[in-house]
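Read the structure below first, then the notes.
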Amino acid sequence: MGIIQDVTRRWEGNQQQVAPQRPKIEHKSSQVLPMNNVTVRSGEKTTVKCISRYGNPPAKLKWFLGETELPSNQSNSPEVDNRRTWVAVSVLEIHVDKVQHRKLLKCATIHESYPTKVLAIEVRLDVTCK
């Protein structure tokens, strides 16, 4: 084994897993508390973010509408005030229809250091008429 590979292996082995904070959901730049509403007009598209902070490695984020997993984009970057931990952000763009009124929108945060491996936050869609 080469010197670089050995140093890399030891460095990776010394990295401490850190459980991320509970995930947060944002809509229109404001935090939405668990089980509160995300209000959207029927027929419109909206953007919702799930944020998981201070994890090492970064958490894996997944979105669900009811029990259906939704496609989203996740980015990970080092925390500004603690470069050994990460902020994970998942951006969901969703086209909302009236049949989705009162459905649960869930962000699941998956991380090995959580006792249950998954923490989730749910909000409710409030779909208004045009």
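The UniProt record's numbering numbers the first residue of the sequence shown as 1 and each following residue consecutively. Don't be surprised by glycine CBs; every beta carbon is placed ideally from N, CA and C. None of these values were measured; they are calculated from a predicted model.
Helix, strand or coil for residue i, going by three-state DSSP, please let me know.
i      : result
Ile121 : strand
Gln100 : helix
Glu69  : strand
His84  : At residue 84 the sequence reads Arg, which differs from the His that was named. It is coil, neither helix nor strand.
Glu79  : coil
Ala108 : strand
Cys50  : strand
Relative to the alpha-carbon of residue i, which residue among the options has its alpha-carbon at the smallest distance?
i      : options                       : result
Gln100 : Ser113, Ser77, Leu125, Arg83  : Leu125
Pro34  : Ser90, Val123, Val127, Cys129 : Val123
Ser72  : Gly66, Cys107, Pro78          : Cys107
Here's the rule: buried if 16 or more other CB atoms are within 10 angstroms of the residue's CB, otherwise exposed. What is residue i?
i      : result
Val96  : buried
Glu50  : The question names Glu, but residue 50 in the sequence shown is Cys. Buried, because 16 or more other Cβ atoms sit within 10 Å of the Cβ of Cys50.
Pro23  : buried
Ala29  : Reading off the sequence, residue 29 comes out as Ser, not Ala. Classification of Ser29: exposed, given that the 10 Å Cβ count is below 16.
Thr109 : buried
Lys62  : buried
Ser75  : exposed
Ser77  : exposed
When you compare the CB of residue i with every CB in chain D, is at least one pair closer than 7 Å?
i     : result
Ala88 : Considering every chain present, this structure includes no chain D. It has just one protein chain.
If I measure Cβ to Cβ from residue i and keep anything under 8 Å in the same chain, skipping five residues before and after, which residues do I get?
i      : result
Glu79  : Arg53, Tyr54, Thr85, Trp86, Val87
Thr128 : Thr39, Val40, Arg41, Ser42
Pro69  : Strictly speaking, residue 69 in this sequence is Glu, with Pro absent from that position. Lys62, Trp63, listed in sequence order.
Within the same chain, show all residues whose beta-carbon is closer than 7 Å to that of residue i, passing over the 5 residues directly before and after it, in chain order.
i      : result
Leu104 : Gly66, Glu122, Arg124
field: the stretch 50 to 63 / the stretch 14 to 24 touching (three or more Cβ pairs under 8 Å)
entry: In the pairwise beta carbon analysis, the stretch 50 to 63 is classified as touching the stretch 14 to 24: at least three pairs are separated by under 8 Å.
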